[in-house]
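Chemist: Numbering (full-length UniProt numbering), first residue to last: 1 to 252.
A virtual CB, placed ideally from N, CA and C, is assigned to each residue, including glycine.
1. Considering just the uninterrupted stretch of the beta strand (DSSP E) at residue 241, what are its terminal residues?
2. When the Cβ atoms of the segment 137–150 are set against those of the segment 161–174, are three or more pairs found closer than 8 Å?
3. Please give me, in chain order, every unbroken run of the beta strand (DSSP E) with length at least 3 that falls completely inside the UniProt domain "DUF2087" (185–250).
4. Reducing DSSP to helix, strand and coil, say where residue 183 ends up.
5. In three-state terms, what does DSSP make of residue 80?
6. Which residue marks the beginning of the alpha helix (DSSP H) containing residue 112, and which one marks its end?
7. Could you tell me which residues DSSP puts in a beta bridge with residue 68?
8. Rounded to the nearest angstrom, what separates residue 6 and residue 108 at their Cα positions?
9. Work out the CA separation of residue 230 and residue 214 for me, nearest whole Å.
10. Going by C-alpha to C-alpha distance, which of 191, 224 and 106 sits closest to residue 156?
11. Assuming residue 36 is part of the beta strand (DSSP E), what are its boundary residues?
12. In angstroms, rounded to a whole number, what distance separates the CA positions of residue 24 and residue 239?
13. On a Cα-Cα basis, can you pick out the residue from 115, 129 and 69 that is closest to residue 18?
14. For the segment 54–61 against the segment 71–89, do three or more pairs of beta-carbon atoms, one drawn from each stretch, fall closer than 8 Å, so that the two count as touching?
15. When you compare the segment 84–95 with the segment 108–126, are there three or more beta-carbon pairs, one atom per stretch, that lie closer than 8 Å?
16. Give the DSSP-derived three-state secondary structure of residue 162 in the structure shown.
17. Only counting the same chain, and skipping five residues up and downstream in sequence, which positions put a Cβ closer than 8 Å to that of residue 21?
18. Alpha carbon to alpha carbon, how far is residue 245 from residue 170?
19. Below 8 Å on the Cβ atoms is my guess for residue 233 versus residue 200; work out the distance and round it to an integer in Å.
20. Taking only beta-carbon atoms, is residue 92 less than 8 Å away from chain B?
21. Please report the distance separating the alpha-carbon of residue 13 from that of residue 154.
22. Just reading off the alpha helix (DSSP H) that residue 59 is part of, what are its end residues?
23. To the nearest angstrom, how far is it from the Cα of residue 126 to the Cα of residue 220?
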């Protein structure tokens, strides 16, 4: 399974803006992991498209736009308050200050201009910080590699304060026969549960819809209390399901 979160966080700003990356033989959507192979012509609504144009159409049809996708991410990932989030949505829709003020019912048009200034200041700060962190990478030889955030995480806290080295140690401890084998126990610290769940979700295909029975069968090969595993995969934002629980899929 493609690690969409890893591709997402490692992408350049230009790649994130367009929503996909290019590899030797394909294009990959950074929002859901869909892979579009090069050299193939793709039909859509009676029109034929080459691969790169088709992945742009995929983003438009499946995600509306990169902006629409990003604005729905958890506030701990975007760094935006709910108020700033709502403002950005309205600005993106092309509304002027007076229209935004009327729709949000706050202050006056000048108040909205002040909000625009604050957002612009945040943009400047973000750029400076990003450059500083890039320069720091060149000098800091002691910085550990931390556990990658998954974009659909529902709880972003110190549970992610785990290095890749610790991650491997935890997997070896609780999967004594290897990660293809059974899980030793799920009576774990929350941090360790996160590591184990990240490994378990790899057993599911990102583009497939599963029945509850199929999910249970896969999880039962990992641990006999598959109901608990299933609940935690949903709770931690790895799996999603429809309201009646008849369909499950990898959350993207």
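Modeler: Once the coordinates are examined:
1. 239–241
2. yes
3. 239–241 and 248–250
4. coil
5. Reduced to three states, the DSSP call for residue 80 is coil.
6. 109–139
7. In the DSSP output, where bridge partners are listed per residue, residue 68 has none listed.
8. 42 Å
9. Cα to Cα, residue 214 sits roughly 11 Å from residue 230.
10. 191
11. 35–37
12. 30 Å
13. Its Cα nearest to that of residue 18, the residue 69 stands out among 115, 129 and 69.
14. no
15. yes
16. Three-state result, residue 162: coil.
17. Within the same chain, residue 21 has close Cβ partners 7, 11, 15, 27, 28 and 30.
18. 31 Å
19. 7 Å
20. In the displayed structure, chain B is absent; only one protein chain is listed.
21. 24 Å
22. 51–63
23. One Cα belongs to residue 126, the other to residue 220, and the distance between them is close to 45 Å.
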